[in-house]
Amino acid sequence: MRPGLRTALATGLVGAALAAMSHPTVAAWIVSGLGEAPRRGLSAERLLALATHHLALAGTGLALVALLGLGLGILATRAGAASLRGGIDGIAAAAQAVPPVVMVALALPILGFGGPPTLLALVAYGIMPVLRGTVGALEAVSPEAREAAQAMGFTRLQILLRVELPLAMPGLVDALRTALVLAIATTAVGALAGASTLGTPIVAGLQNQNVLPMLQGALATAALAFLCDAAMLALASIASADRARG
């Protein structure tokens with residue numbers, strides 16, 4: 194088995210273990226072991242429904258982050274836009290400096306409750322890792338590869354699509370993995386804005402001083418992060434193997 198697939202399998206097993214621990218029966222055992230009297234928790238069906246909504250919202254946010262982060266990263270590495278690089282990086286850094294909870298709270302009067310303020314927080318918090326990861330991956334491409342493509346008569350767009358992006362792909366995947374984990378973690382904060390996510394039982398548990406749903410929500414969120422990371426690792430490993438064969 195390839196090293197990438199082994200890592201993906203190990204990560205997936207951790208995610209599966211965390212998912213099993215979030216089951217109401219197992220989570221109740223854990224709460225009892227911590228010395229707390231387990232009260233009413235979430236059913237497995239309710240937890241799965243919340244996980245589905247959570248994943249859909251995080252996936253939408255990741256798609257927006259990937260589009261903006263990759264686009265701005267490519268723009269920042271073009272010779273004609275070198276003067277814009279500092280401003281682009283500064284805006285992305287400033288956006289991430291605002292905590293997601295604050296971003297959601299500020300957006301509520303304008304965007305209302307539910308998904309929109311959560312998506313705004315996802316984009317603001319996730320764009321910088323993708324932007325900087327894209328810049329770093331593209332700048333790591335050897336000048337010789339670009340010069341060889343120019344000598345073959347490639348246009349700038351062809352060099353980008355056929356030389357730079359394929360060579361930068363490992364770095365781009367790492368940046369997107371980071372953004373994915375951030376998106377899943379940040380989506381839990383959306384429960385404060387009324388979004389139906391795995392943060393919902395955490396917030397409800399805090400309000401009712403009920404440890405069981407808090408633990409279930411936290412474990413399920415962590416499980417989702419590990420499982421999604423494992424899926425990305427596996428896809429990256431398979432794509433890398435296909436390129437090597439090609």
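Numbering-wise (the working numbering), the sequence shown opens with residue 194 and increments by one.
Note that beta-carbon positions come from the ideal geometry of N, C-alpha and C, so glycine has one too.
Of the residues PHE419, ASP422, THR393 and SER430, the one whose Cα lies closest to the Cα of ARG239 is THR393. Here ALA342 has GLN351, ILE352, ARG355 and VAL356 as same chain residues with Cβ atoms under 8 Å from its own Cβ, once five neighbours each way along the sequence are excluded. Between the beta-carbon of LEU255 and that of LEU373 there is about 6 Å, and that keeps the pair under the 8 Å contact cut. In this structure, LEU250 places its C-beta atom within 8 Å of the C-beta atom of GLY383.
A contact is defined here as three or more CB-CB pairs under 8 Å, and the segment 286 to 293 fails this definition with respect to the segment 222 to 240. Where GLN343 is concerned, the enclosing alpha helix (DSSP H) starts and stops at 336 to 344. Put simply, the backbone Cα of ALA418 is about 7 Å away from that of GLY208.
GLN351 sits in a helix when the DSSP states are folded into three classes.
Each of PHE347, PRO196, GLU332 and ALA423 was checked against the Cα of LEU360, and the nearest Cα belongs to GLU332. Look at SER215 here: in three-state DSSP terms it is coil, with no helix or strand label. If only uninterrupted alpha helix (DSSP H) runs of at least 4 residues are considered, those enclosed by the segment 262 to 335 are 278 to 290, 293 to 304 and 308 to 332.
Sequence-distant Cβ neighbours of ILE281 in its own chain, meaning closer than 6 Å and more than five residues away, are LEU265 and ALA269.
Sixteen is the threshold: since fewer than 16 other Cβ atoms of the shown chains lie within 10 Å of the Cβ of GLN402, the residue is exposed. Assignment of THR371 by DSSP, reduced to helix, strand and coil, places it in the helix class. THR390 sits in coil when the DSSP states are folded into three classes, being neither helix nor strand. Of the residues assessed, GLN409 falls on the buried side of the cut-off, its CB having 16 or more other CB atoms within 10 angstroms.
Separation of GLY308 and ALA388 (C-alpha to C-alpha, rounded to the nearest whole angstrom) is 6 Å. By the criterion of a C-beta distance shorter than 6 Å, VAL294 is surrounded in its chain by VAL382, once the five residues flanking it on both sides are discounted. Annotated three-state conformation of GLY205 is helix, per DSSP. When secondary structure is reduced to three states using DSSP, SER236 falls in the coil class, being assigned neither helix nor strand. Take the alpha-carbon of ALA423 and the one of GLY326: they are about 19 Å apart.
Minimum Cα-Cα distance from HIS216 among the listed residues ALA237, SER433 and ALA378 corresponds to ALA237.
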